[in-house]
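Dropping the structure here:
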């Protein structure tokens, strides 16, 4: 079996130095680097399998179609679900907006409600704000505690009047690194007649691969795959309930001037020419992750414990909540996150500074902005050491 | 320490960031605007009192990094006594300076103490921090006219 240290060599982006220094890439929660296997698959797609999918009979179109369908199967196999339950989209934001349009809006009546948690990323908040405003429904917000854990008693209260149609919740917070108990949330929501929509943008890459909820969304670019690719998973029965929100070629079985009959899922939700090379790259990413197996997350969890430990040992550094996986957000006394980010960058350390597309959560935590260090399968102890040295340096310059 | 970091966070910038001048709010401003930097969520609220055609009072509030607060502080200091046209010209000069390549000659003559912000030219993603207050000024003047 290959050692974790050798995985780094699969990522060409890590071969470069930044500002004359070794690159410590600690921003995988924003976007993950891409292994050579994914790049090669996409180059091959553009070089050889360059046709349109599901519409041509010539050799290139056939090759593209075959590779595209194989990629769907690879993604499904990695997630452990049937291939016809995988809808290929353009990303989590796209998927969640589609569920808002195709499932939530038609079912939300005046006086109904939806629930989100205080943890949510803007992508799993704004679609529901708009849907609720349009349908005169109420958007309820489930509290978290200071550790970043969901308050299940509060969830129960919010569900009690049975007006809630859907609960939208993250699988893994991109700020606190906490993972809400989705099985528990599912049970409680279903008991009160609500479905659960899960934002898996972070969770898919850092928790054991398995879709959760009634509708599950994740993004290729956080899974070491290309940007502009994503997944919607749901059971066949749920997909039958979902109205197509993007319409046109490829999703229709028969069309006359007045009417269109739709194809079966997943094709029903994949109108237009898809991101063929991107999907082929996503399939390669799924195969790559499947080949690494559970050792990948074991390595990440070990490193995560060291990351959180190292941050907590630093004077003047406060870690937000109690991060469990993949990342840690923190604030440094007297040093604004953007100033810290610039100093770290000059030391070759790439982190995220700001609100991480979760402004309400930062307000809930009583801060404007934070700094986030996030791990990928290629992260190592040297990255954490560079981060620690950079923080000390920034404190010396700025605090 | 990298030279670029040292050039960016000169003592005067760190000092203005920690102890900004003209910080707060005015009782009855004649011009005001709030502007945010969508990249990072920094917010500046700039207020002016124009009296007899010249800026008699300035205040800035909001939240942000050392760079944006120091830039607002330095900019506010320079505004007092200027006409609105002169203030806009200063804002334009600052915009022009930060857009230059690193190492271009400093515009100490036209920018005065704001020339110390030249280090930001080396940090493309941070330029908006240095110009946020200047952009708020342009907006405040335009809003008043509109």
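Residue numbers (this note's numbering), protein chains in the order written: chain P, -16 to 382; chain Y, 2 to 147.
Idealized CB from N, CA, C, for every residue including glycine.
Since this is a predicted model, take the numbers as computed values, not measurements.
Restricting attention to Y/43, Y/26, Y/44, the CA atom closest to the CA of residue 58 of chain Y is found in Y/26.
Distance from the Cα of residue 145 of chain Y is smallest, within the candidate group Y/30, Y/3, Y/12, for Y/30. In the DSSP secondary-structure assignment, residue 48 of chain Y is bridged to Y/33, Y/60.
Annotated as distal: residue 320 of chain P and residue 160 of chain P, with beta-carbon spacing of 7 Å or more. Apart from the 5 residues on each side of it in sequence, residue 128 of chain Y sits with its Cβ closer than 8 Å to the Cβ of 99, 100, 121, 122 in its chain, given in chain order. With a beta-carbon spacing of about 5 Å, residue 177 of chain P and residue 150 of chain P fall inside the 8 Å limit used to define contacts. Fully contained in the stretch 22 to 95 of chain P are the following beta strand (DSSP E) runs of length 3 or more, in chain order: 69 to 72. The count of Cβ pairs closer than 8 Å, one atom from the stretch 53 to 66 of chain P and one from the stretch 30 to 41 of chain P, stays below three, leaving the stretches out of contact. Between the alpha carbons of residue 97 of chain Y and residue 6 of chain Y lies a distance of about 21 Å. At least one CB atom of chain Y sits nearer than 7 Å to the CB of residue 337 of chain P. Taking C-beta atoms under 8 Å as the contact rule, residue 76 of chain Y and residue 19 of chain Y fail to qualify, at a distance of about 17 Å. Residue pairing of residue 1 of chain P in beta bridges, as defined by DSSP: P/4. When secondary structure is reduced to three states using DSSP, residue 156 of chain P falls in the coil class, being assigned neither helix nor strand. Taking a cut-off of 8 Å for Cβ pairs, the stretch 274 to 294 of chain P and the stretch 217 to 226 of chain P do not touch, as fewer than three such pairs fall below it.
Identification of chain P residues near residue 120 of chain Y by a Cβ-Cβ cut-off of 9 Å yields none; the smallest Cβ-Cβ distance measures about 10 Å.
Taking a cut-off of 8 Å for Cβ pairs, the stretch 355 to 371 of chain P and the stretch 3 to 18 of chain P touch, as three or more such pairs fall below it. Beta-bridge partners assigned by DSSP to residue 38 of chain Y: Y/43. At least one CB of chain P lies nearer than 7 Å to the CB of residue 42 of chain Y.
The stretch 104 to 156 of chain P is shown to contain whole alpha helix (DSSP H) runs of 4 or more residues at 109 to 118, 135 to 142, in chain order. Residue environment for residue 123 of chain P: buried (at least 16 other C-beta atoms within 10 angstroms of its C-beta).
Counted as a single uninterrupted DSSP element, the beta strand (DSSP E) harbouring residue 199 of chain P occupies residues 198 to 202.
Taking 8 Å as the upper bound for CB-CB distance, residue 95 of chain P and residue 55 of chain P are not in contact here, some 34 Å apart. Annotated three-state conformation of residue -10 of chain P is helix, per DSSP.
Residue-level contact by beta carbon holds for residue 3 of chain Y and chain P, with a gap shorter than 7 Å.
Under a criterion of Cβ atoms nearer than 7 Å, no residue of chain P is adjacent to residue 76 of chain Y; the nearest Cβ is some 18 Å distant. When rounded, the separation of the alpha-carbon atoms in residue 249 of chain P and residue 215 of chain P is 9 Å. A distance below 8 Å between beta-carbons, with the five flanking residues on each side excluded, links residue 97 of chain P to the following residues of its chain, in chain order: 87, 91, 111, 114, 115, 120, 121, 122, 123, 147, 148, 149, 150, 151.
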